[in-house]
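Numbering (the numbering used here), first residue to last: 1296 to 1602.
Spelled out as structure tokens, the structure:
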């Protein structure tokens, strides 16, 4: 049975996303994903024969990107003669996979889902980018690789709308809203007002993750459709768990609170908290790994699930 691999944010690149980058490829993320492809090929899954990559336009809303996955699954079925595939998803790719298998368009063609480091309840860092256009240094004094990718891409976006990064993000990168914390994450903005710190209730926020809220309310569809789910979360890395805020000064920037700091936890992979990965129902595994290393450090789990 073939494997369809769904990469995460920045794991797909083409002229469609950034002119001059050619046909679909892993782009800057190849250093993370090529070792994963080599691992799967060592298990006798040959690229284009039994192994297929579902590249997609990660800038677009999650529901839209699921169409790319449908096309790749159809290609894999046509090439191999199988009517089902194993779905292996990393990070945002897990949300793309969920958007497909939980949709009315589902073709009953996924044998199982192996989901690595997916923010099933969202990630606080995404609020910083969506609401403020940047990750304040007070939140992450040292940036990891994913955050560096984000910084480079947002600077590229801003070239089209100088001095208006928020508008550039909202217009050209709407999928970022699908990555902010959802209701299942719990309250995550800790506001300081008049010397007192209190969590801001999710229901009072202007920035809500309605896409994940809906997917999580309907997650029962996955087991109802007979799709086993394996969840792998990374831990041991300094990860933003909550954001410290003060009241905003602008009606368009930091609308739910201006971020001035963060509370960190080592129960995450540096980008996604373990509890966010495990917000979905499934068989749960934990590995000591960061957000990208989890790909190869999950080798034993993947081999076990594919046997």
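We put the beta carbon where it would ideally sit given N, CA and C, even for glycine.
When the Cβ atoms of the region 1581 to 1599 are set against those of the region 1392 to 1405, are three or more pairs found closer than 8 Å? The way I'd put it, the region 1581 to 1599 doesn't touch the region 1392 to 1405; fewer than three beta-carbon pairs between them come closer than 8 Å.
Pick out whichever of 1535, 1531 and 1551 has its Cα sitting closest to the Cα of residue 1287. Nothing can be reported for residue 1287, as the shown portion of the chain is limited to 1296 through 1602.
Ordered along the chain, which non-local residues of its own chain (more than five positions away) have a Cβ less than 7 Å from that of residue 1334? Spatial neighbours of residue 1334 in its own chain (CB-CB distance under 7 Å, excluding positions within 5 residues in sequence) are listed in chain order as 1591 and 1594.
N- and C-terminal bounds of the beta strand (DSSP E) containing residue 1538: Here the beta strand (DSSP E) through residue 1538 covers 1534 to 1541.
So does the region 1364 to 1376 actually touch the region 1472 to 1483, counting three or more Cβ pairs closer than 8 Å? No contact exists between the region 1364 to 1376 and the region 1472 to 1483.
How many whole angstroms separate the CB atoms of residue 1418 and residue 1566, which I take to be in contact at a CB cut-off of 8 Å? About 6 Å separates the beta carbon of residue 1418 from that of residue 1566, a gap short enough to meet the 8 Å contact definition.
By the 10 Å Cβ neighbour count, where 16 or more other Cβ atoms means buried, how is residue 1578 classified, buried or exposed? By the neighbour-count rule (16 or more Cβ atoms within 10 Å), residue 1578 is not buried but exposed.
Return the CA-CA distance between residue 1350 and residue 1360, expressed in angstroms with no decimal places. Here the C-alpha atom of residue 1350 lies approximately 9 Å from the C-alpha atom of residue 1360.
Do the region 1527 to 1536 and the region 1557 to 1577 meet, that is, are 3 or more Cβ pairs less than 8 Å apart? A contact between stretches requires three or more CB pairs, one per stretch, nearer than 8 Å, and the region 1527 to 1536 meets this requirement with the region 1557 to 1577.
Tell me whether residue 1491 is buried or exposed, calling it buried when 16 or more other Cβ atoms sit within 10 Å of its Cβ. Residue burial annotation: residue 1491 is exposed, with fewer than 16 other C-beta atoms found within 10 angstroms of its C-beta.
For residue 1451, count neighbouring Cβ atoms within 10 angstroms of its own Cβ and tell me buried if that reaches 16, exposed if not. It counts as exposed.
Whole angstroms are fine: how far does the CA of residue 1406 sit from the CA of residue 1526? For residue 1526 and residue 1406, the distance between alpha carbons rounds to 15 Å.
If we count the other Cβ atoms within 10 Å of its Cβ and call it buried at 16 or more, is residue 1544 buried or exposed? Answer is exposed; the Cβ neighbour count stays below 16.
Please classify residue 1564: does DSSP put it in a helix, a strand, or coil? Assigned with DSSP and collapsed to three states, residue 1564 falls in strand.
Is it a yes or a no for the region 1376 to 1395 touching the region 1299 to 1308, going by three-plus beta-carbon pairs under 8 Å? Touching, per the Cβ criterion.
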